[in-house]
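Student:
There are 2 protein chains.
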Amino acid sequence: MEFANVSERQAMSPELAVSTVIFSLRDELVGGQPTGRKSLWLPLVRRTRQPFRGQWALPGGPLAARQTLQDAAAANLRATTGLAPSHLEQLYAFGGLDRSPSQRVVSIVYWALVREEHPEAARLIEDPNVAWFPARDEAVLDALAFDHAEIVSYALWRLGNKVEYGSIAHRFLGERFTLAQVQEVYEAVLDRRLDAANFRRHLRGTADIEPTDEYLLGGKHRPPRLYRYTGDTAVVPDPASTVPADST
Amino acid sequence: MEFANVSERQAMSPELAVSTVIFSLRDELVGGQPTGRKSLWLPLVRRTRQPFRGQWALPGGPLAARQTLQDAAAANLRATTGLAPSHLEQLYAFGGLDRSPSQRVVSIVYWALVREEHPEAARLIEDPNVAWFPARDEAVLDALAFDHAEIVSYALWRLGNKVEYGSIAHRFLGERFTLAQVQEVYEAVLDRRLDAANFRRHLRGTADIEPTDEYLLGGKHRPPRLYRYTGDTAVVPDPASTVPADST
DNA sequence: ATTAGTTCTTGTCGAAGTGACAATAACTAG
DNA sequence: CTAGTTATTGTCACTTCGACAAGAACTAAT
Chain A
0 MEFANVSERQ
10 AMSPELAVST
20 VIFSLRDELV
30 GGQPTGRKSL
40 WLPLVRRTRQ
50 PFRGQWALPG
60 GPLAARQTLQ
70 DAAAANLRAT
80 TGLAPSHLEQ
90 LYAFGGLDRS
100 PSQRVVSIVY
110 WALVREEHPE
120 AARLIEDPNV
130 AWFPARDEAV
140 LDALAFDHAE
150 IVSYALWRLG
160 NKVEYGSIAH
170 RFLGERFTLA
180 QVQEVYEAVL
190 DRRLDAANFR
200 RHLRGTADIE
210 PTDEYLLGGK
220 HRPPRLYRYT
230 GDTAVVPDPA
240 STVPADST
Chain B
0 MEFANVSERQ
10 AMSPELAVST
20 VIFSLRDELV
30 GGQPTGRKSL
40 WLPLVRRTRQ
50 PFRGQWALPG
60 GPLAARQTLQ
70 DAAAANLRAT
80 TGLAPSHLEQ
90 LYAFGGLDRS
100 PSQRVVSIVY
110 WALVREEHPE
120 AARLIEDPNV
130 AWFPARDEAV
140 LDALAFDHAE
150 IVSYALWRLG
160 NKVEYGSIAH
170 RFLGERFTLA
180 QVQEVYEAVL
190 DRRLDAANFR
200 RHLRGTADIE
210 PTDEYLLGGK
220 HRPPRLYRYT
230 GDTAVVPDPA
240 STVPADST
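From first to last, the protein sequence lines are chains A and B. When we follow numbering that gives the first Met the number 0, the leftmost residue of the first sequence carries the number 0, and every step to the right adds one. When we follow numbering that gives the first Met the number 0, the leftmost residue of the second sequence carries the number 0, and every step to the right adds one.
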């Protein structure tokens, strides 16, 4: 974020940036040991310049002249993870006066969901200034640059609300998945345990999930049936397309 | 929206503007005759310059250098209606490339709820370029400048979702109100009729509404009991304050 | 082969919520 | 005093949801 002429800019409207909160599902760790459950993780970028040099921050940057907001968010995602989003949605526009110490910045923030990285894909991004952190770890959040801790907290809250009536879950998963995996997603997002029987009944009723004839083999116990998602696979929910026809 | 030096700006990031969709409750009219119900209305501003000169548009304008996004939205509201908002909330940031024919504009849009204007207050704003229109009138929406029809439709949709679990209703009303008035609000927002008995039961259970000892007199029939709102009266729901404590 | 252990899957029961609708209460207008 | 209208309460069937029991299907150990 550097400008040819700073004094010129300050007279004009604030700088416009786009940042992206990227969530993925990974094995939960406590003290380096896996708990057997999953939890939410997000990639952060270490700042190489002032302000907040050396601290971790959300991936983001200024909006290019002929770049859609979504395109900018997707670019953040690609630069950080090398992945294409399976879900990308606008979170909020943060416009406080003192979010950045020097130049005022208005940030339009998106949140994205990606599937768990394959080890090979992770190797593609070998940047020491990019790393993944547990999204609910207070120590991580407190060390973030700018107001990014607040942004992540709000993203977590919105994610928890969205998952209730949406079919966000399968965005974290692959083409085929077990109901137990879907439950893991919900438990990570909602941050509480769910009853398997009731959860299964709920899925049968509402979500666009269809059983297949295949089973997940190789486990240590009864093999679970595999399901697949049959609903909308659009990556970006646009306000225009979200509105039902009769609302006009 | 004029700038000292247009060519300078176009090299830099897009212009940033704040617009506000303002809703209020008024008597529904069909063919100039009141139906006895209420419906949603919104104020629009006639454009006096190109582009879209002469057409109606949402109140809005560029973001001032040291002005919060909410402040800008509240300023829109005050300039158009002379009123202070009883509810103000961020809707969405619209950043399409060709929203405006010439200079690219990114608009951060808020939606506001105000109580029905008193006739005196209406007279305070005697601007022929400001007028109120039915929010669900397709003819009105189709004639709007820019992409504002899309924005209003999205605002209506969001309003309908929000009212479900929120206590938006009383923002349209005064300090004391009858349950029938609350029902009118819900019917206007959801755009469908509700059963009075069930609606009343629902309110008893969830919303922060408390009966008073007073009754609304002067009606033609049995006088209804007056209620009052006991919940949160904060005007602006901030993301930071929206997040519950355990989400961090 | 049998048994124990774990996960997967279905079923049951009561509490709570919701839509449809009947019935009573309380006022005004004639 | 009666009819008309709105306000308010109550009832009943249906659905939803949390808690929990129980059977099904596989692996691993004996």
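C-beta atoms are modelled at their ideal positions from N, C-alpha and C, and glycine is treated no differently.
Please list the partners that Gln-49(A) has in chain B, where partner means a Cβ-to-Cβ separation under 8 Å.
Tutor: Those do not exist, as Gln-49(A) stays about 20 Å from chain B at its closest Cβ, beyond 8 Å.
Student: Looking at chain A, is there any beta carbon in it that lies within less than 7 Å of the beta carbon of Ser-18(B)?
Tutor: For Ser-18(B), the answer is no, since every Cβ of chain A falls outside 7 Å of its Cβ.
Student: Please name the residue in Asp-207(A), Ala-196(A), Ala-148(A) and Gly-230(A) whose C-alpha comes closest to that of Leu-41(A).
Tutor: Considering only alpha carbons, the answer is Ala-148(A).
Student: Under 7 Å Cβ-Cβ, which residues of chain A neighbour Leu-39(B)?
Tutor: Those do not exist, as Leu-39(B) stays about 12 Å from chain A at its closest Cβ, beyond 7 Å.
Student: Does the Cβ of Ala-111(A) have 16 or more other Cβ atoms within 10 Å, making it buried, or fewer, making it exposed?
Tutor: Per the 10 Å Cβ criterion, buried.
Student: Is the segment 101-110 of chain B touching the segment 10-26 of chain B in the sense that three or more CB pairs, one from each, lie closer than 8 Å?
Tutor: The segment 10-26 of chain B, when compared against the segment 101-110 of chain B, does touch it at the 8 Å Cβ threshold.
Student: Beta-carbon within less than 6 Å of Ala-71(A)'s beta-carbon, same chain only, minus the 5 sequence neighbours each way: which residues are those?
Tutor: Hits under 6 Å: Val-17 and Leu-62.
Student: In chain B, what lies closer than 7 Å to Gln-89(A) by C-beta?
Tutor: Within 7 Å Cβ-Cβ: Tyr-91 and Ala-92.
Student: Within the 7 Å Cβ cut-off, does Leu-57(A) reach chain B?
Tutor: Closer than 7 Å: no.
Student: Alpha carbon to alpha carbon, what distance is there between Pro-58(A) and Thr-79(A)?
Tutor: About 7 Å.
Student: Would Tyr-153(A) pass as an interface residue toward chain B - the criterion being a Cβ-Cβ separation below 7 Å?
Tutor: Cβ-Cβ to chain B under 7 Å: yes for Tyr-153(A).
Student: In three-state DSSP terms, what is Ser-152(B)?
Tutor: Ser-152(B) falls in the helix class under three-state DSSP.
Student: Which one of Pro-210(B), Val-113(B) and Asp-141(B) has the shortest CA to CA distance from Val-235(B)?
Tutor: The option with the nearest alpha carbon to Val-235(B) is Val-113(B).
Student: Under the assumption that Val-44(A) contacts Val-151(A) (Cβ atoms under 8 Å), give the Cβ distance between them as a whole number of angstroms.
Tutor: Contact doesn't hold; Cβ gap of about 13 Å is too wide.
Student: Inspect the beta-carbon positions of Thr-229(A) and Glu-209(A) and report whether they are closer than 7 Å.
Tutor: Contact flag set, yes.
Student: For Asp-141(B), report the span of its alpha helix (DSSP H) as first-last.
Tutor: Per DSSP, Asp-141(B) belongs to the alpha helix (DSSP H) from 137-141.
Student: Can you give the Cα-Cα distance for Tyr-214(B) and Gly-173(B), rounded to whole angstroms?
Tutor: Roughly 15 Å between the two C-alpha positions.
Student: Short of 7 Å in beta carbon distance, which residues of its chain neighbour Asp-231(B), apart from the five on each side in sequence? Order them along the chain.
Tutor: Once the five neighbours on either side are set aside, Asp-231(B) has no close Cβ partner at all.
Student: Please confirm whether Leu-43(B) has its beta-carbon closer than 7 Å to some beta-carbon of chain A.
Tutor: No, Leu-43(B) lies away from the interface with chain A (no Cβ there is under 7 Å from its Cβ).
Student: Nearest chain B C-beta to Ser-106(A) closer than 7 Å, yes or no?
Tutor: So no, Ser-106(A) is outside the interface.
Student: Hey, would you say Leu-140(B) sits closer than 7 Å to Val-188(B), going by beta carbons?
Tutor: For Leu-140(B) and Val-188(B), no; Cβs fall outside 7 Å.
Student: Would you give the residue range spanned by the alpha helix (DSSP H) that Glu-116(A) belongs to?
Tutor: Unbroken run through Glu-116(A): none, as it is neither H nor E.
Student: Can you tell me the Cβ-Cβ gap for Ala-56(B) and Ala-144(B), rounded? I've got them flagged as a contact below 8 Å.
Tutor: Contact flag correct, Cβ pair sits at about 4 Å.
Student: Closer than 9 Å, Cβ to Cβ, to anything on chain A: give me those residues from the segment 57-88 of chain B, in chain order.
Tutor: Within the segment 57-88 of chain B, the residues whose Cβ lies closer than 9 Å to some Cβ of chain A are Pro-61, Leu-62, Ala-63, Ala-64, Arg-65, Gln-66, Thr-67, Leu-68, Gln-69 and Ala-71, listed in chain order.
Student: When burial is assigned at 16 or more other CB atoms within 10 Å of the CB, is Pro-238(A) buried or exposed?
Tutor: Classification for Pro-238(A): buried.
Student: Quick check: is the beta carbon of Leu-143(A) nearer than 7 Å to any beta carbon in chain B?
Tutor: With 7 Å as the cut-off, Leu-143(A) does not count as an interface residue toward chain B.
Student: Any C-beta of chain A sitting closer than 7 Å to the C-beta of Ser-246(B)?
Tutor: Legend: pLDDT at Ser-246(B) = 40, less than 50; position of this residue unreliable, value from coordinates given subsequently. With 7 Å as the cut-off, Ser-246(B) counts as an interface residue toward chain A.
Student: Pull the bridge partners of Val-108(A) from the DSSP assignment, please.
Tutor: Ser-18(A) and Tyr-91(A).
Student: Note down the Cα distance separating Leu-39(A) from Leu-216(A), rounded to an integer number of angstroms.
Tutor: Whole-angstrom Cα-Cα distance: 26 Å.
Student: Between the C-alpha atoms of Asp-334(A) and Glu-88(B), what's the straight-line distance to the nearest angstrom?
Tutor: This structure gives no information on residue 334(A), because the portion of chain A shown stretches from 0 to 247.
Student: So with CB distances below 8 Å, who are the chain A contacts of Gly-95(B)?
Tutor: Thr-67, listed in chain order.
Student: Using a Cβ cut-off of 7 Å (strictly closer), state whether Leu-15(B) contacts chain A.
Tutor: Taking Cβ atoms only, chain A reaches closer than 7 Å to Leu-15(B), which makes this a yes.
Student: My understanding is that Thr-211(A) touches Arg-192(A), with C-beta atoms under 8 Å, so please give their C-beta distance in whole angstroms.
Tutor: Incorrect: roughly 27 Å between the Cβ atoms, too far for contact.
Student: Enumerated in chain order, which unbroken segments of the beta strand (DSSP E) with a length of 3 residues or greater are wholly contained in the segment 9-88 of chain A?
Tutor: Segments of the beta strand (DSSP E) lying fully in the segment 9-88 of chain A: 14-29, 32-45 and 59-61.
Student: Helix, strand or coil, according to DSSP, for Phe-132(A) in the structure here?
Tutor: The answer is strand: DSSP assigns Phe-132(A) an E or B state.
Student: So, is Ala-130(B) buried or exposed, given that buried needs 16 or more other C-beta atoms within 10 angstroms?
Tutor: Looking at its Cβ environment, which holds fewer than 16 other Cβ atoms inside 10 Å, Ala-130(B) is exposed.
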